[in-house]
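For reference, each letter of the sequence shown is one residue, going 1 to 711 in the UniProt record's numbering.
Backbone N, C-alpha and C fix where the C-beta goes; we use that ideal spot for every residue, glycine too.
Report on one structure; see the data block that follows.
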Amino acid sequence: MTTPSITALAAQAKTFKALHIPGTPLLLANVYDATSARIVGSLPGCRALASASYALAKTIGIEDSELTLEQNLRLLKPIAAVAHELNLPFTIDIQDGYGDQLEEVIRRVITELGAVGVNLEDSYHDTEKIMDETEALDRVQRALKVAAEVGVPDFVVNARSDTFLMGGELDVSIQRGKKFLEVGATTIYVFWPRDKEMIEADVKRVIDELDGRTNIQPRKVSPVQSKALTSADLAKLGTARMGVTVPARSGHAKGAWRNLPAAVAPSFFPAVDLLLLIDSGEGYRPFGGIPMVLFFGDFFQFDPVLQTSLLLPAPRDRGGQRPESLAKHLAAHRLFLQFTTVVILQEQVRAAGCPRLRGFIGRLRNGEQTELDFQRLSQRLYTPSCKASFVDGLRAITPLNQDRWDLNMAAVVQWARAHGKHISVFAAKHDTESGKRLSAGDLCHVLRYGDDSQLPTPGLFFYAQGMPVVVTRNQFVGLKVVNGAPFKAVDIFPDLAAGTIALASNVTLHLGPPVAVLLQSDDSAGLAMPGFPNGTILIKSKTVAIPSQMRGKEGRWRGKPGFRWVTHRTGPLCTPTFAMTDQKSQGKQFSDVLVNLKGVHSSGTATRPSFMSLYVQLSRAQSWDGLHLFRKPARGDFIEPKNVLDKDMRDAILKLERRGEETRRRFEQDHRSEPWLQEWAAMPESDQGTETDDVEDAALWRDPGVSELRS
Numbered sequence: 001m002t003t004p005s006i007t008a009l010a011a012q013a014k015t016f017k018a019l020h021i022p023g024t025p026l027l028l029a030n031v032y033d034a035t036s037a038r039i040v041g042s043l044p045g046c047r048a049l050a051s052a053s054y055a056l057a058k059t060i061g062i063e064d065s066e067l068t069l070e071q072n073l074r075l076l077k078p079i080a081a082v083a084h085e086l087n088l089p090f091t092i093d094i095q096d097g098y099g100d101q102l103e104e105v106i107r108r109v110i111t112e113l114g115a116v117g118v119n120l121e122d123s124y125h126d127t128e129k130i131m132d133e134t135e136a137l138d139r140v141q142r143a144l145k146v147a148a149e150v151g152v153p154d155f156v157v158n159a160r161s162d163t164f165l166m167g168g169e170l171d172v173s174i175q176r177g178k179k180f181l182e183v184g185a186t187t188i189y190v191f192w193p194r195d196k197e198m199i200e201a202d203v204k205r206v207i208d209e210l211d212g213r214t215n216i217q218p219r220k221v222s223p224v225q226s227k228a229l230t231s232a233d234l235a236k237l238g239t240a241r242m243g244v245t246v247p248a249r250s251g252h253a254k255g256a257w258r259n260l261p262a263a264v265a266p267s268f269f270p271a272v273d274l275l276l277l278i279d280s281g282e283g284y285r286p287f288g289g290i291p292m293v294l295f296f297g298d299f300f301q302f303d304p305v306l307q308t309s310l311l312l313p314a315p316r317d318r319g320g321q322r323p324e325s326l327a328k329h330l331a332a333h334r335l336f337l338q339f340t341t342v343v344i345l346q347e348q349v350r351a352a353g354c355p356r357l358r359g360f361i362g363r364l365r366n367g368e369q370t371e372l373d374f375q376r377l378s379q380r381l382y383t384p385s386c387k388a389s390f391v392d393g394l395r396a397i398t399p400l401n402q403d404r405w406d407l408n409m410a411a412v413v414q415w416a417r418a419h420g421k422h423i424s425v426f427a428a429k430h431d432t433e434s435g436k437r438l439s440a441g442d443l444c445h446v447l448r449y450g451d452d453s454q455l456p457t458p459g460l461f462f463y464a465q466g467m468p469v470v471v472t473r474n475q476f477v478g479l480k481v482v483n484g485a486p487f488k489a490v491d492i493f494p495d496l497a498a499g500t501i502a503l504a505s506n507v508t509l510h511l512g513p514p515v516a517v518l519l520q521s522d523d524s525a526g527l528a529m530p531g532f533p534n535g536t537i538l539i540k541s542k543t544v545a546i547p548s549q550m551r552g553k554e555g556r557w558r559g560k561p562g563f564r565w566v567t568h569r570t571g572p573l574c575t576p577t578f579a580m581t582d583q584k585s586q587g588k589q590f591s592d593v594l595v596n597l598k599g600v601h602s603s604g605t606a607t608r609p610s611f612m613s614l615y616v617q618l619s620r621a622q623s624w625d626g627l628h629l630f631r632k633p634a635r636g637d638f639i640e641p642k643n644v645l646d647k648d649m650r651d652a653i654l655k656l657e658r659r660g661e662e663t664r665r666r667f668e669q670d671h672r673s674e675p676w677l678q679e680w681a682a683m684p685e686s687d688q689g690t691e692t693d694d695v696e697d698a699a700l701w702r703d704p705g706v707s708e709l710r711s
């Protein structure tokens, strides 16, 4: 770890000290490892990071009194690295200063950890006896003197006045605190005994007599606390600083709990828990003791990108996740399990109007697909005689990007010709190392490579006015121009400096990307921007870096053909959306959908589609007649052996469903005498129709390659 320069630390200490404003308190959540530091540091409004020796000790399964200086510094190092990465001031707990090592401790926490403040106790950590007042004052002065000698004159000392904690009088703690302030302490921490109630009048007296230069912990309601004192209450009383402890579990459970869940996008769910915990001032109660209702979509979908379903205690491939991500997931999963009231909606709403599709999807979910299901599915091949086309709403789903790129280009041509629109093909601009000229073969490879999760702009952008597109990267979040948002491309602005080639009377090749594309959607209907038609948004072409693994610059990646010398690509951050990947199709539904039931290719070998790809694609249809297949499925893709949800996920879903049944039984038991429940129970179930066999179904039962009927 590289610590900031002394000059930078001096400036940071000055900033940190200025944050201690009576009545506008600095709220510090004491973190205990890199992940909890990243969580707190990522929360809106976080202005500094702090640590508590008690929490650090818990992470290695020992008591606070057993924590040595070297253990403390070792555990603080990864937290300090996060603080520097986030450019946040870092203050640490050095207990009583470790006896005669105080000067060494201060030098090391500044030079080795980049700390700009400490918490310093006035009781001996080993004997728990109060220091002589003269010695305690001397230790505060010595700490500040060493910090100034190192080059950090605004070093912050949060001096603990522990007389009241050790059974003495509150007034004595206040008087000692005043003397600590006189010799240079920034704030005074009066630690309230856990067996004494924090009476608001007493807390106000502490704050007032110390001119608000106090550090006070919020206190929840408990057997000894009749009224909670929250962070908001303490702010009104005028304190300058508040500390709360992010809960650390014992060393025995650290594999699952040392890393509290993340507060940024990948782990939003547990971040809410931490944010409410800090805001409420509660001890560890899920979500700060606030009742929570969570709404989930179907669990029959792909795991979040680079993450694992909350239903599972661990990823299927532990080696595929970084340790921090794994720890975040474990914490989120443990939190999820604390929800015991579960309501599950079982009806297949998307297929409600089609009994056949509804029955088929239900059997597929349960791993009970039949030979007849397979034979029926095999009859859904898309042929030139099919009425559905991209012209009137057909959408394609495929697990492979190469298929998606090819389909989108063909679909734009079909759609444009049917609507009498001119077709414009824009070639992306590619920058190379030292201006190296690409060979014709490499250029073809590069241009044929479309957009994907790593490269958000296509090599060739096919455009026809009015075609549907999808945004490939967040651009204007407040205007909902975000990754995955659907729009209509209503106009385009070619680069007049780029050459053009007329490929046909209605097809033009542009030798460079467009300057911008004008988009329109229902969400943008109320927008009015000067110089543009109402309801439209202009997105400019952007230059994006080619990832090093695509260029083969990382040892374990071969790279993509043609990209070795390419450093950047310039083009629009949107792409036609006639075809999409199975992952991007989640949450959508189509009256006519063309699905590609095949697996990805690994080392040149075709594999069967994953169950989730199979299920997601087939369940996007709204009717059996609106379901079309690229190719006839192989028996191994669907039925031999049955393509089913993996056991861990199936068991987790069954467990959730059992909780749903228990919830319903409890609810009906608790309200069985209510008239409204009796009326509801007497209501007939909704009639969605019954699945029936067609006359021609009998012919499907015979497999041409087998002489006997299959059952």
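Identity of the residues DSSP links to residue i by a beta bridge
| i | result |
| --- | --- |
| Tyr98 | BP columns for Tyr98 are empty, so no partner. |
| Gly184 | Note: Gly184 sits in no beta bridge, so no partner. |
| Phe590 | Ala621 |
| Gly117 | Thr91, Val156 |
| Pro486 | Val470 |
| Met242 | Leu27, Ile216 |
Distance, residue j Cα to residue i Cα
| i | j | result |
| --- | --- | --- |
| Phe591 | Pro533 | Reading off the sequence shown, one finds Ser at residue 591, where the question assumed Phe. Going by the C-alpha atoms only, they are around 31 Å apart. |
| Arg376 | Gly441 | 44 Å |
| Asp646 | Gly535 | 46 Å |
| Asp195 | Val224 | 6 Å |
| Gly571 | Gly459 | 8 Å |
| Leu73 | Tyr54 | 13 Å |
| Ala396 | Asn366 | 25 Å |
| His430 | Arg569 | 5 Å |
| Gly114 | Glu66 | 24 Å |
| Gly297 | Trp415 | 33 Å |
| Asp64 | Arg666 | 44 Å |
| Arg664 | Pro675 | 17 Å |
| Glu691 | Asp495 | 56 Å |
For residue i, the three-state DSSP class (helix, strand or coil)
| i | result |
| --- | --- |
| residue 718 | The question about residue 718 has no answer here: the residues shown for the chain are numbered 1 through 711. |
| Asn215 | strand |
| Gln12 | helix |
| Glu506 | At residue 506 the sequence reads Asn, which differs from the Glu that was named. Coil at Asn506, not helix or strand. |
| Arg350 | coil |
| Tyr54 | helix |
| Gly23 | coil |
| Ser123 | strand |
| Ala159 | strand |
| His628 | strand |
| Asp491 | strand |
| Gln669 | helix |
| Ala248 | Reliability of the predicted coordinates at Ala248 is poor, the pLDDT of 48 falling under 50, and the value obtained from them is presented with this limitation in mind. It is coil, neither helix nor strand. |
| Val203 | helix |
| Ala681 | helix |
| Gln225 | strand |
| Thr134 | helix |
| Tyr615 | helix |
| Leu49 | strand |
| Leu144 | helix |
| Thr68 | coil |
Near the ligand PLP: residue i beta-carbon under 7 Å from a heavy atom
| i | result |
| --- | --- |
| Thr457 | The ligand PLP is not part of the structure shown, which contains no ligands of any sort. |
* **Within the stretch 397-484, ranges of the alpha helix (DSSP H) (whole runs, at least 4 residues)** => Qualifying alpha helix (DSSP H) stretches, in chain order: 401-418, 440-448.
* Pair every Cβ in the stretch 189-198 with every Cβ in the stretch 214-225, then say whether three or more of these pairs are closer than 8 Å. => Yes: at least three Cβ pairs fall under 8 Å.
* Check whether the stretch 116-132 touches the stretch 165-181, counting contact only when three or more Cβ pairs, one atom from each stretch, lie closer than 8 Å. => Note that the stretch 116-132 touches the stretch 165-181; at least 3 beta-carbon pairs, one per stretch, sit closer than 8 Å.
* **Whole runs of the alpha helix (DSSP H) within the stretch 504-580, excluding any shorter than 4 residues** => DSSP runs (the alpha helix (DSSP H)) wholly in the stretch 504-580: none.
* Asked: Does the count of Cβ pairs from the stretch 406-422 and the stretch 452-466 closer than 8 Å reach three?
  -> Remark: three or more beta-carbon pairs, one from each stretch, lie closer than 8 Å, so the stretch 406-422 and the stretch 452-466 are flagged as touching.
* To do: Determine, using beta-carbon pairs with one atom in the stretch 632-648 and one in the stretch 419-426, whether at least three such pairs fall under 8 Å.
  => Cβ pair count under 8 Å is below three, so no.
* Asked: So does the stretch 145-156 actually touch the stretch 105-114, counting three or more Cβ pairs closer than 8 Å?
  -> With a cut-off of 8 Å, the stretch 105-114 and the stretch 145-156 count as touching, because enough Cβ pairs lie within range.
* Asked: How do the stretch 470-477 and the stretch 496-512 stand: do at least 3 beta-carbon pairs fall below 8 Å, yes or no?
  -> Segments in contact, no.
* Would you check if the stretch 384-396 and the stretch 478-486 touch, i.e. whether three or more CB-CB distances between them fall below 8 Å? => No, the stretch 478-486 is not in contact with the stretch 384-396.
* Asked: Can you find at least 3 beta carbon pairs, one from the stretch 383-392 and one from the stretch 640-656, that sit closer than 8 Å?
  -> Cβ pair count under 8 Å is below three, so no.
* Asked: Is the number of C-beta pairs between the stretch 355-370 and the stretch 610-618 that are closer than 8 Å three or more?
  -> Three or more beta-carbon pairs separated by less than 8 Å link the stretch 355-370 to the stretch 610-618, which places the two stretches in contact.
* Spell out a yes or no on whether the stretch 515-524 and the stretch 546-565 are touching, meaning 3 or more CB-CB pairs, one atom from each, closer than 8 Å. => No, because fewer than three Cβ pairs between the stretch 515-524 and the stretch 546-565 fall closer than 8 Å, the two stretches do not touch.
* At a cut of 8 Å, does the stretch 224-244 reach the stretch 21-29 through at least three beta carbon pairs? -> The answer is yes - the stretch 21-29 touches the stretch 224-244, with three or more Cβ pairs under 8 Å.
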